[in-house]
Amino acid sequence: MYNILVVDDEPTHRRVLSSMLETLRPLYKISQAKNGREAVDFIEKQAVDILITDIRMPVMNGLKLVETCSEQLKDSRVVFITGYGEFEYARKAVKLGACDYILKPFDMGQINNLIEALEKSLLEARTAAHEKESLNRQMETIYPAYLEHQLNLWLSESLSSIQLDEVRSRFEGIKCGLLIGTKILNFSALIEKYSPEDLVRIKGNIIRLINTRFEVLGRCLSFFHSNKPELVLTLLCPKTSFSGISSQIMQTSPDFISEMKIKCEIELVVGISSVFPDIFMNARESFRHLQQALDQRFYHEDLEITAYRESFNEDDHSGIYPLKLEEQLKEAITRGDREAARKCIYNVLNKIRSEDRTPPGLFIESVGMLLANISRQVEYFIDAGEYKKLVNEMFAGLKRSKSFSMAEGITQDFILKIFNYLDEVKNKSEMVIMKQCLNYIELHYMEDLSLESLSDRFHFNASYFSRYFQIHTGRNFCDYITGLRLDKAKELLRNSPEKLNTIALLSGYKNIRYFSRVFKKITGMTPYDYRKMYCNDSI
7 MYNILVVDDE PTHRRVLSSM LETLRPLYKI SQAKNGREAV DFIEKQAVDI LITDIRMPVM
67 NGLKLVETCS EQLKDSRVVF ITGYGEFEYA RKAVKLGACD YILKPFDMGQ INNLIEALEK
127 SLLEARTAAH EKESLNRQME TIYPAYLEHQ LNLWLSESLS SIQLDEVRSR FEGIKCGLLI
187 GTKILNFSAL IEKYSPEDLV RIKGNIIRLI NTRFEVLGRC LSFFHSNKPE LVLTLLCPKT
247 SFSGISSQIM QTSPDFISEM KIKCEIELVV GISSVFPDIF MNARESFRHL QQALDQRFYH
307 EDLEITAYRE SFNEDDHSGI YPLKLEEQLK EAITRGDREA ARKCIYNVLN KIRSEDRTPP
367 GLFIESVGML LANISRQVEY FIDAGEYKKL VNEMFAGLKR SKSFSMAEGI TQDFILKIFN
427 YLDEVKNKSE MVIMKQCLNY IELHYMEDLS LESLSDRFHF NASYFSRYFQ IHTGRNFCDY
487 ITGLRLDKAK ELLRNSPEKL NTIALLSGYK NIRYFSRVFK KITGMTPYDY RKMYCNDSI
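Below you can see the structure in the form of structure tokens.
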């Protein structure tokens with residue numbers, strides 16, 4: 007259904023034409039105006055699809071009416087009413103955008119043909135507008151995705167020369183630039199809160215706001231990182247000198263962070279790479295600098311804006327693992343000295359931290375290695391499943407750590423658990439501990455075991471452990487180990503086709519001659535004779 011406005015100062019003509027239109031199109035809304043001024047007031051209040059107006063009228067003629075309402079009538083169809091002798095007016099009307107003109111007096115067939123032509127024109131225009139709008143909507147979705155894909159390929163230096171030129175062309179020949187990273191801290195919360203469709207809209211708003219903020223400093227393009235969905239990257243090429251560009255970004259970022267929090271409900275931090283004379287040829291390097299800038303927040307949680315530091319040496323981490331401090335921490339735990347252990351942890355973590363030069367990933371990895379080594383002090387005192395759970399929870403906690411303070415808290419808690427386990431061990435009966443000790447020897451008899459190492463592991467005084475061991479087993483430590491090893495050797499000689507030197511190693515003897523000497527001393531025959539005798543007896 008269309009809205010038609012008939013404008014004519016002659017009441018008879020106006021009523022006749024309106025009556026014809028109502029007869030031909032009863033569902034259409036037909037309105038009337040007696041002059042151009044009245045028609046202008048009408049058009050300003052409501053939309054008109056078809057305007058049929060006389061050319062010559064008092065107050066305001068039809069030509070002036072169309073000129074005055076040109077903006078409101080841009081999607082409408084305009085028809086002028088004229089009489090014989092007014093063709094010059096008609097030609098001028100066509101220049102103003104009129105679709106057609108009709109002559110007085112009106113004819114029903116003429117009016118019907120006119121309306122059909124106007125309807126066809128309106129339908130074609132609206133169909134084209136709908137298709138254009140649909141295409142624009144598709145482009146709004148497809149083009150940003152295409153651009154994002156291209157720029158992510160640029161980061162990985164996977165663009166062809168033609169694709170790279172396409173990216174360059176957006177910056178009007180400017181080469182100098184840098185990367186800005188906007189990291190959304192509550193991105194996971196946004197995913198949970200919004201539907202996928204709403205999230206696409208929000209991400210689009212974020213991109214627009216970031217571009218608006220930084221385009222005053224130069225040409226820029228912003229896009230989400232494909233593998234780090236919480237990270238928005240902005241490729242910025244300053245319009246003029248790049249001197250002091252980082253300082254300008256640092257100065258404007260606080261307002262930008264506040265604006266994003268208010269408009270998009272997001273918490274964020276901003277990182278800035280160093281400036282490159284040709285940013286397009288240094289994609290990976292600039293991204294690495296940006297990551298290092300953002301990593302600084304791991305050690306300084308209050309920082310909202312960070313820039314790459316030239317003094318940061320990402321490759322030299324030799325000597326980062328504090329072996330001596332690990333030994334001191336183990337000694338403190340063995341002594342049950344919790345205060346000394348606490349101080350050791352402080353020193354160990356700060357050594358690994360290396361004045362904030364250690365990347366967070368390497369820091370977490372090193373702390374995990376340290377705590378895994380410390381955990382072995384209780385490995386043989388607790389159930390295997392419980393031990394595995396203890397270590398897995400520690401690693402999971404470290405992996406979730408977003409800051410140095412979180413990792414420090416997890417480390418302190420883990421060491422406290424170690425102390426608690428050892429306290430439980432000390433409260434157990436010595437009989438239980440000795441059983442654990444013998445189980446350990448059974449599993450590690452082929453290694454270099456000593457009375458001292460075992461007494462340290464099971465937290466005994468060495469001399470007391472020696473006496474208690476002999477009382478419990480009926481043999482001193484050396485005889486017990488020798489007997490166990492020879493029993494294993496006899497079993498291998500009877501059942502294994504391995505050579506004698508291999509059997510010696512498997513029994514805990516590195517030297518075949520020493521093994522043979524000990525074996526003969528205890529059994530009265532050499533390993534070779536023992537195997538031969540066993541084979542003959544079994545025939």
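Under the working numbering, the first residue of the sequence shown carries the number 7, and numbering increases by one thereafter.
Glycine included, every Cβ here is placed at the ideal spot set by N, Cα and C.
Asked: With distances taken Cα to Cα, identify the nearest neighbour of N233 among D284, R21, L161.; Found: L161
Asked: Does DSSP put K516 in a helix, in a strand, or in coil?; Found: coil
Asked: Please determine, among Y314, L191, D493, M66, the residue with the shortest C-alpha to C-alpha distance to Q297.; Found: Y314
Asked: Please classify I545 as buried or exposed, where buried requires at least 16 other C-beta atoms within 10 Å of its C-beta.; Found: Because the pLDDT at I545 is just 38, under 50, the model does not fix this residue reliably, and the value given afterwards should be weighed accordingly. Looking at its Cβ environment, which holds fewer than 16 other Cβ atoms inside 10 Å, I545 is exposed.
Asked: Might you give, ordered along the chain, the residues of its own chain that have their beta carbon closer than 7 Å to the beta carbon of L376, omitting 5 neighbours on each side?; Found: E332, V354
Asked: Considering only the alpha carbon of each residue, which of E448, I208, K336 lies closest to I424?; Found: K336
Asked: Go through its chain and collect everything with a Cβ distance to L444's Cβ below 8 Å, but skip five positions before and after it.; Found: T479
Asked: Nearest-angstrom Cα distance between F420 and K505?; Found: 46 Å
Asked: Where DSSP assigns a beta bridge to Q38, which residues make up the other side?; Found: V12
Asked: Does DSSP put Y200 in a helix, a strand or coil?; Found: coil
Asked: Would you mind working out which of L242, H155, I168 sits nearest F177, comparing C-alpha positions?; Found: L242
Asked: Between T240 and S252, how many whole angstroms is the CB-CB distance? I'm expecting something under 8 Å.; Found: Not really, about 13 Å apart at Cβ, beyond 8 Å.
Asked: I'd like to know whether the C-beta atoms of L184 and S280 end up nearer to each other than 8 Å.; Found: yes
Asked: On the premise that V12 lies in contact with I58, defined as a C-beta separation below 8 Å, what is that separation, rounded to the nearest angstrom?; Found: 5 Å
Asked: Using alpha carbons as the reference points, say which of C226, E236, K199, S164 lies closest to I190.; Found: E236
Asked: What are the partner residues of V72, as DSSP defines its beta bridges?; Found: V72 is not bridged to any residue.
Asked: Taking F286 as the reference, which of Q156, M539, E273 has the closest Cα?; Found: Q156
Asked: Is there contact here, the stretch 108 to 115 with the stretch 161 to 171, by at least three beta-carbon pairs under 8 Å?; Found: no
Asked: Our contact map puts L215 next to L205 with C-beta atoms below 8 Å; I'd like the distance itself, whole angstroms only.; Found: L215 to L205, Cβ: 15 Å. No contact.
Asked: Let me confirm a value: C484 is counted as buried when at least 16 other C-beta atoms fall within 10 Å, else exposed. Which label applies?; Found: exposed
Asked: Quick check on this structure: which residue in K516, M539, F464, L368 has the alpha carbon closest to the alpha carbon of L499?; Found: M539
Asked: Which same chain residues end up closer than 6 Å to F262 when comparing Cβ atoms and leaving out the 5 residues on each side of it in sequence?; Found: R219
Asked: Can the beta-carbon of I416 be found closer than 8 Å to that of S409?; Found: no
Asked: Beta carbon of D81, beta carbon of N9: below 8 Å?; Found: no
Asked: Could you check what DSSP says for K505 in three-state terms: helix, strand or coil?; Found: coil
Asked: On the criterion of 16 or more Cβ atoms from any shown chain inside 10 Å, does G342 qualify as buried, or is it exposed?; Found: exposed
Asked: Along the chain, which unbroken stretches of the alpha helix (DSSP H) at least 4 residues long are found entirely within the stretch 458 to 483?; Found: 468 to 479
Asked: When DSSP labels each residue in this structure, what does S5 get in the three-state scheme?; Found: Here the chain covers residues 7 to 545 and nothing more, so residue 5 does not appear.
Asked: Pick out the complete beta strand (DSSP E) segments inside the stretch 268 to 302, 3 residues or longer, and give them in chain order.; Found: 274 to 278
Asked: Leaving aside the five residues before and after L120 along the sequence, list all residues of the same chain whose C-beta is less than 7 Å from its C-beta, in chain order.; Found: V85, D106, I108
Asked: Can you tell me where the beta strand (DSSP E) holding S228 begins and where it ends?; Found: 224 to 230
Asked: Can you tell me whether I363 is helix, strand or coil according to DSSP?; Found: The sequence shown places Arg at residue 363, rather than the Ile named in the question. Looking at R363 - three-state DSSP - the assignment turns out to be coil, as it is neither helix nor strand.
Asked: Once you ignore the five residues that flank A131 on each side, which residues in its own chain have a CB closer than 8 Å to its CB?; Found: D81
Asked: Just the C-alpha distance for I168 and N158, rounded to the nearest angstrom, thanks.; Found: 15 Å
Asked: Which partner residues does C243 have in the DSSP bridge list?; Found: R225
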